[in-house]
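See structure below.
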Amino acid sequence: MIRFLFLGIISSASIGLLGAGLVRSAPDPAVLADHLSKTQVLYYGSWRCPACQAQGRLFGDAVSNLPYVECGKPKELPIQAAACKNARIRAYPTWILPTGERREGVQSLEELQVWTGMSTTP
(Lines of atoms letter the chains of each structure in order from A and count residues from 1; the text may use other names and numbers.)
(Lines give C-alpha, C1' and ligand atoms only; values in the text may rest on other atoms or scores of the structure.)
Protein backbone atom coordinates (compact mmCIF):
# COMPACT_ATOMS: atom_id res chain seq x y z
CA MET A 1 0.00 0.00 0.00
CA ILE A 2 2.76 2.43 0.91
CA ARG A 3 4.60 1.50 -2.28
CA PHE A 4 1.54 2.45 -4.38
CA LEU A 5 1.13 5.69 -2.45
CA PHE A 6 4.80 6.55 -3.03
CA LEU A 7 4.50 5.79 -6.76
CA GLY A 8 1.39 7.95 -6.96
CA ILE A 9 3.17 10.88 -5.34
CA ILE A 10 6.19 10.51 -7.64
CA SER A 11 3.94 10.28 -10.72
CA SER A 12 1.97 13.37 -9.71
CA ALA A 13 5.14 15.34 -9.05
CA SER A 14 6.61 14.31 -12.42
CA ILE A 15 3.47 15.32 -14.29
CA GLY A 16 3.40 18.63 -12.44
CA LEU A 17 7.01 19.38 -13.34
CA LEU A 18 6.53 18.44 -16.98
CA GLY A 19 3.33 20.44 -17.22
CA ALA A 20 4.91 23.52 -15.68
CA GLY A 21 7.00 24.02 -18.79
CA LEU A 22 3.86 24.11 -20.92
CA VAL A 23 2.18 26.94 -19.03
CA ARG A 24 2.65 30.31 -20.70
CA SER A 25 2.68 33.43 -18.59
CA ALA A 26 0.95 36.58 -19.78
CA PRO A 27 3.26 38.99 -21.56
CA ASP A 28 4.21 42.22 -19.84
CA PRO A 29 1.63 44.77 -21.04
CA ALA A 30 4.25 47.49 -21.66
CA VAL A 31 6.45 45.15 -23.69
CA LEU A 32 3.45 43.95 -25.70
CA ALA A 33 2.27 47.53 -26.36
CA ASP A 34 5.77 48.40 -27.59
CA HIS A 35 5.80 45.30 -29.82
CA LEU A 36 2.40 46.19 -31.29
CA SER A 37 3.59 49.71 -32.11
CA LYS A 38 6.89 48.56 -33.62
CA THR A 39 5.17 45.95 -35.80
CA GLN A 40 2.57 48.50 -36.98
CA VAL A 41 -0.44 46.62 -35.66
CA LEU A 42 -3.36 49.05 -35.36
CA TYR A 43 -6.03 49.07 -32.69
CA TYR A 44 -9.30 50.76 -33.67
CA GLY A 45 -11.84 51.67 -31.04
CA SER A 46 -14.19 54.26 -29.63
CA TRP A 47 -14.13 56.14 -26.37
CA ARG A 48 -17.81 55.15 -25.87
CA CYS A 49 -17.19 51.42 -26.34
CA PRO A 50 -17.33 49.31 -23.13
CA ALA A 51 -15.39 46.50 -24.83
CA CYS A 52 -12.64 48.99 -25.76
CA GLN A 53 -12.49 50.14 -22.16
CA ALA A 54 -12.12 46.50 -21.08
CA GLN A 55 -9.39 46.01 -23.70
CA GLY A 56 -7.56 49.05 -22.36
CA ARG A 57 -7.76 47.81 -18.77
CA LEU A 58 -5.86 44.66 -19.80
CA PHE A 59 -2.91 46.91 -20.67
CA GLY A 60 -3.09 49.02 -17.50
CA ASP A 61 -0.79 52.05 -17.65
CA ALA A 62 0.64 50.82 -20.98
CA VAL A 63 -2.68 51.62 -22.69
CA SER A 64 -1.25 55.03 -23.63
CA ASN A 65 1.48 53.28 -25.66
CA LEU A 66 -0.93 51.33 -27.86
CA PRO A 67 -1.16 52.16 -31.58
CA TYR A 68 -4.75 53.36 -31.08
CA VAL A 69 -7.04 54.92 -33.67
CA GLU A 70 -10.11 56.69 -32.21
CA CYS A 71 -13.18 56.13 -34.37
CA GLY A 72 -15.79 57.74 -32.13
CA LYS A 73 -14.84 61.42 -32.38
CA PRO A 74 -15.25 62.40 -36.05
CA LYS A 75 -15.46 66.15 -35.34
CA GLU A 76 -12.51 66.29 -32.96
CA LEU A 77 -10.34 63.72 -34.77
CA PRO A 78 -11.40 63.75 -38.45
CA ILE A 79 -8.19 62.13 -39.72
CA GLN A 80 -8.58 59.18 -37.35
CA ALA A 81 -12.30 58.90 -38.19
CA ALA A 82 -11.39 58.79 -41.89
CA ALA A 83 -8.82 56.06 -41.16
CA CYS A 84 -11.57 54.04 -39.47
CA LYS A 85 -13.83 54.47 -42.48
CA ASN A 86 -11.03 53.52 -44.90
CA ALA A 87 -10.25 50.42 -42.81
CA ARG A 88 -13.96 49.49 -42.91
CA ILE A 89 -14.20 49.12 -39.15
CA ARG A 90 -17.50 47.42 -38.31
CA ALA A 91 -16.97 46.53 -34.65
CA TYR A 92 -14.94 47.73 -31.70
CA PRO A 93 -12.30 46.94 -30.77
CA THR A 94 -10.70 45.86 -34.04
CA TRP A 95 -7.04 44.92 -34.35
CA ILE A 96 -5.44 44.92 -37.82
CA LEU A 97 -2.04 43.52 -38.80
CA PRO A 98 -0.02 45.24 -41.57
CA THR A 99 -1.03 42.29 -43.80
CA GLY A 100 -4.68 43.29 -43.43
CA GLU A 101 -5.60 40.35 -41.23
CA ARG A 102 -7.97 41.49 -38.51
CA ARG A 103 -9.50 40.44 -35.23
CA GLU A 104 -12.63 41.93 -33.74
CA GLY A 105 -13.55 42.01 -30.07
CA VAL A 106 -11.52 42.04 -26.90
CA GLN A 107 -8.30 40.04 -27.26
CA SER A 108 -6.33 38.71 -24.32
CA LEU A 109 -2.71 39.74 -23.99
CA GLU A 110 -1.72 36.15 -24.75
CA GLU A 111 -3.86 36.08 -27.92
CA LEU A 112 -2.30 39.31 -29.16
CA GLN A 113 1.18 38.05 -28.34
CA VAL A 114 0.74 34.87 -30.39
CA TRP A 115 -1.30 36.43 -33.21
CA THR A 116 1.25 39.20 -33.81
CA GLY A 117 4.26 36.90 -33.67
CA MET A 118 5.77 38.23 -30.46
CA SER A 119 8.18 35.78 -28.87
CA THR A 120 6.59 33.74 -26.09
CA THR A 121 9.91 32.97 -24.43
CA PRO A 122 11.31 35.37 -21.83
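Following this note's numbering, the numbering of the sequence shown begins with 9 at its first residue and continues without gaps.
Glycine included, each C-beta is placed from N, C-alpha and C at the ideal position.
So who's on the other strand from residue i, going by DSSP bridges?
| i | result |
| --- | --- |
| L44 | In DSSP, L44 forms no bridge with anything. |
| E112 | T102 |
By the three-class DSSP mapping on this structure, what secondary structure does residue i have?
| i | result |
| --- | --- |
| L50 | strand |
| S127 | coil |
| K69 | Going by the sequence as given, residue 69 is Asp instead of Lys. Helix. |
| L85 | coil |
| A38 | helix |
In the DSSP assignment, find the unbroken beta strand (DSSP E) run with residue i in it and report its ends.
| i | result |
| --- | --- |
| V77 | 76-78 |
Notebook entry, point to check: Is it true that the stretch 33-45 meets the stretch 83-91, where meeting means three or more beta-carbon pairs spaced less than 8 Å apart?
Noted result: Two segments are said to touch when three or more pairs of C-beta atoms, one from each, lie closer than 8 Å; by this definition the stretch 33-45 does not touch the stretch 83-91.
Contact between the stretch 90-103 and the stretch 65-74: three or more CB pairs below 8 Å? No, they do not touch.
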